[in-house]
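Step one of this worksheet: look at the structure below.
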Amino acid sequence: MANTREIKNRIESVQQTRKITNAMYLIASTKLRKARNDLANTRPYFDALRGEIKRVFRTAGDVDSPYFYPPDNNTPLEGTYGCLVITADKGLAGAYNQNVIKEAEKLLAQHPDTKLYVVGEYGRRYFDQHKIPIEHSFLYTAQNPTLDRAREISALLLDGFLAGTLKEIFVVYTDMENSLLSEAKSTRLLPFHRTQFAPPAKEKAVQEPFEFYPSVGAVLNSMIPSYVSGFLYSALLDSFCSEQNARMTAMDAANQNAEELLSALRLQYNRVRQAAITQEITEISAGAAAQRGTFGKEGTV
Numbered sequence: 124m125a126n127t128r129e130i131k132n133r134i135e136s137v138q139q140t141r142k143i144t145n146a147m148y149l150i151a152s153t154k155l156r157k158a159r160n161d162l163a164n165t166r167p168y169f170d171a172l173r174g175e176i177k178r179v180f181r182t183a184g185d186v187d188s189p190y191f192y193p194p195d196n197n198t199p200l201e202g203t204y205g206c207l208v209i210t211a212d213k214g215l216a217g218a219y220n221q222n223v224i225k226e227a228e229k230l231l232a233q234h235p236d237t238k239l240y241v242v243g244e245y246g247r248r249y250f251d252q253h254k255i256p257i258e259h260s261f262l263y264t265a266q267n268p269t270l271d272r273a274r275e276i277s278a279l280l281l282d283g284f285l286a287g288t289l290k291e292i293f294v295v296y297t298d299m300e301n302s303l304l305s306e307a308k309s310t311r312l313l314p315f316h317r318t319q320f321a322p323p324a325k326e327k328a329v330q331e332p333f334e335f336y337p338s339v340g341a342v343l344n345s346m347i348p349s350y351v352s353g354f355l356y357s358a359l360l361d362s363f364c365s366e367q368n369a370r371m372t373a374m375d376a377a378n379q380n381a382e383e384l385l386s387a388l389r390l391q392y393n394r395v396r397q398a399a400i401t402q403e404i405t406e407i408s409a410g411a412a413a414q415r416g417t418f419g420k421e422g423t424v
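With the working numbering applied, the sequence shown corresponds to residues 124 to 424, in that order.
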């Protein structure tokens, strides 16, 4: 059985670990709150942009664009795909990174001719260790999503798509639907289908057609890059929020485990200490009894 000094040292070690996990919990909660505010502040602009794209199709449903499937066609295209995988820079976030990797591997299994574009140090290390080639790795951290970074990513992906080297583009990220549920998902980014921008069935038809300059196709094509950047920015922020939420959950579980371990160690410490005191009392009593026996014999001689 461990002595009191060993148990006390272990209690101090667990307490120090609990301080670290509690600090990580607080930091993650602060980052999550800030990222949610950033997402809420930017979402109205991209919602309005999506509304304008819907307005284009309300006015001219037969508009031709390289960013869209032809009308009434949604069959997968033949050729090389591109896949943007968004992971974290580090672990300690439960199954957050593993779920993203699993979704990416499913896509690779279904379509082996897929080029990977990776955000996050965890994903880079994983694919390197498993000898899976990466087409492009964005070396900046995944900790601070910005619109400039989203534009840089979208520009690279759009160049490959418009050049014809990437027939379809997917994004694997974690969607934070609410504060309790986060799901890793694979979403086709390009090409779009027209039904994604279909107006509600109850919406009134356009009475007076809108005028587009220089043409309806040119207007639509000029809006799509901004919309793609907005989607990627939202995916980066959603992933970041999901990461912080997963880290908060993991650190909260670690704090609870530390409390349980400390309770068990304190109980063990008290038992060992009580046993040591009892042993000392027993030894003192036995010594006293032995002394009394010796003095009694001397008195009878």
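Here a beta-carbon is modelled for each residue, glycine too, at the ideal position from N, C-alpha and C.
None of the values given here were measured: they were computed from a predicted structure.
Between the segment 205-212 and the segment 236-246, are three or more C-beta pairs nearer than 8 Å?
-> The segment 205-212 is in contact with the segment 236-246.
Which same chain residues, not among the five before or five after Ala151, have their C-beta less than 6 Å away from its C-beta?
-> On the sequence shown, position 28 is the one that residue 151 refers to. These residues qualify, in order along the chain: Gln367, Arg370, Met371.
C-alpha gap between Asp236 and Asp251, whole angstroms = Taking the sequence shown and counting its residues from 1, one reaches residue 236 at position 113. Taking the sequence shown and counting its residues from 1, one reaches residue 251 at position 128. C-alpha separation (whole angstroms): 18 Å.
CA-to-CA distance, Phe261 to Lys157, given in whole angstroms = In the sequence shown, the residue the question calls residue 157 occupies position 34. In the sequence shown, the residue the question calls residue 261 occupies position 138. Going from the Cα of Lys157 to the Cα of Phe261 covers about 23 Å.
Would you kindly check if the distance between the Cβ of Leu270 and the Cβ of Leu280 is under 9 Å?
-> One-based indexing of the sequence shown puts residue 280 at position 157. One-based indexing of the sequence shown puts residue 270 at position 147. Leu280 is not a Cβ neighbour of Leu270, given a cutoff of 9 Å.
Is it the case that the Cβ atoms of Gly353 and Ala273 are separated by a distance below 9 Å?
-> Counted from its first residue, the sequence shown places residue 353 at position 230. Counted from its first residue, the sequence shown places residue 273 at position 150. In terms of Cβ geometry, Gly353 and Ala273 form a close pair [threshold 9 Å].
Is it right to say Ala381 is buried, meaning 16 or more other beta carbons lie within 10 angstroms of its own, or is it exposed?
-> Stepping through the sequence shown from its first residue, residue 381 is reached at position 258. Within 10 angstroms of the beta-carbon of Ala381 lie 16 or more other beta-carbons, which makes it buried.
Rounded separation between Gln266 and Ser362 - CA only = Translated into the one-based positions of the sequence shown, residue 266 becomes position 143. Translated into the one-based positions of the sequence shown, residue 362 becomes position 239. Each residue's alpha carbon lies about 10 Å from the other.
Met299 vs Glu175 beta-carbon contact at 9 Å = To locate residue 299, count along the sequence shown from 1; it is residue 176. To locate residue 175, count along the sequence shown from 1; it is residue 52. No; because the gap between Cβ atoms is not below 9 Å, this pair is not in contact.
Other residues of its chain near Thr127: CB distance less than 8 Å, five sequence neighbours each side excluded = Start at 1 with the first residue of the sequence shown, and residue 127 comes out as number 4. Only Tyr392, Val395, Arg396, Ala399 meet the Cβ criterion.
Within 10 angstroms of its Cβ, does Val424 collect 16 or more other Cβ (buried), or is it exposed?
-> Within the sequence shown, the letter at position 301 stands for residue 424. The predicted position of Val424 is uncertain, since its pLDDT is 46 and thus under 50; a value taken from the coordinates is nonetheless stated next. With fewer than 16 other Cβ atoms within 10 Å, it is exposed.
Among residues of its own chain, excluding the 5 on either side of Met374, which ones have a beta-carbon nearer than 8 Å to its beta-carbon?
-> Locating residue 374 in the sequence shown gives position 251, counting from the first residue. Here the set comprises Thr144, Asn145, Met147, Tyr148, Ala151, Leu215.
Rounded straight-line distance, which links the Cα of Ile276 to that of Asp161 = As a first step, residue 161 is located in the sequence shown; it is residue number 38 there, counting from the start. As a first step, residue 276 is located in the sequence shown; it is residue number 153 there, counting from the start. Roughly 19 Å separates the two Cα atoms.
Alpha-carbon to alpha-carbon, Gln379 and Ser430 = Not covered by the structure: residue 430. The range shown for the chain is 124 to 424.
Hey, quick one: how far does the beta strand (DSSP E) through Ile257 stretch, first residue to last?
-> Here residue 257 is taken as the residue at index 134 of the sequence shown, counted from 1. In the DSSP assignment, Ile257 falls outside any beta strand (DSSP E), carrying neither H nor E.
Alpha-carbon spacing of Tyr249 relative to Asp282, whole angstroms = Here residue 249 corresponds to residue number 126 of the sequence shown, with the count starting at 1. Here residue 282 corresponds to residue number 159 of the sequence shown, with the count starting at 1. Going from the Cα of Tyr249 to the Cα of Asp282 covers about 26 Å.
Starting from Tyr219 and walking both ways along the alpha helix (DSSP H), at which residues does that stretch end?
-> Counting from 1 along the sequence shown, the entry for residue 219 is found at position 96. Taken as a continuous stretch (DSSP letters only), the alpha helix (DSSP H) holding Tyr219 covers 219-233.
Under 9 Å between the Cβ atoms of Ala412 and Arg141?
-> Working through the sequence shown from its first residue, we reach residue 412 at position 289. Working through the sequence shown from its first residue, we reach residue 141 at position 18. No; because the gap between Cβ atoms is not below 9 Å, this pair is not in contact.
If you check the beta carbons only, do Gly287 and Ser188 fall under 9 Å apart?
-> Stepping through the sequence shown from its first residue, residue 287 is reached at position 164. Stepping through the sequence shown from its first residue, residue 188 is reached at position 65. 9 Å or more divides the Cβ of Gly287 from the Cβ of Ser188.
Check Ser305 in the structure and name its three-state DSSP category.
-> Against the sequence shown, residue 305 aligns to sequence position 182. Correct three-state label for Ser305: strand.
Enclosing alpha helix (DSSP H) for Tyr168 [first to last residue] | Position 45 of the sequence shown, counted from the first residue, corresponds to residue 168. 127-182 is the extent of the alpha helix (DSSP H) around Tyr168.
Continuous alpha helix (DSSP H) stretch holding Glu499: start and end | Outside the shown range of the chain, which is 124 to 424, sits residue 499, and nothing can be said about it.
Are the Cβ atoms of Glu258 and Lys238 separated by less than 9 Å?
-> Your numbering for residue 258 matches position 135 in the sequence shown. Your numbering for residue 238 matches position 115 in the sequence shown. With a cutoff of 9 Å on beta-carbon distance, Glu258 and Lys238 are scored as near each other.
Which residues DSSP lists as bridging Arg311, in chain order | The count along the sequence shown starts at 1 and reaches residue 311 at position 188. Arg311 pairs with Phe293.
Output the distance between the C-alpha atoms of Ser309 and Lys131, rounded to the nearest integer angstrom.
-> Here residue 309 is taken as the residue at index 186 of the sequence shown, counted from 1. Here residue 131 is taken as the residue at index 8 of the sequence shown, counted from 1. Taking C-alpha positions only, Ser309 is separated from Lys131 by approximately 49 Å.
So, are the CB atoms of His316 and Tyr192 less than 9 Å apart?
-> For this step, residue 316 is matched to residue 193 along the sequence shown. For this step, residue 192 is matched to residue 69 along the sequence shown. Cβ atoms of His316 and Tyr192: closer than 9 Å.
Could you give the DSSP three-state label for Tyr204: helix, strand or coil?
-> Stepping through the sequence shown from its first residue, residue 204 is reached at position 81. Tyr204 falls in the strand class under three-state DSSP.
Can you tell which of Pro199, Thr165, Ile134 has the C-alpha that lies nearest to the C-alpha of Leu313?
-> Taking the sequence shown and counting its residues from 1, the one referred to as residue 313 is at position 190. Leu313 has its Cα closest to that of Pro199, out of Pro199, Thr165, Ile134.
So, is Ile292 buried or exposed, given that buried needs 16 or more other C-beta atoms within 10 angstroms?
-> As a working mapping, residue 292 is identified with position 169 in the sequence shown. The residue in question, Ile292, is buried, as its Cβ has 16 or more Cβ neighbours within 10 Å.
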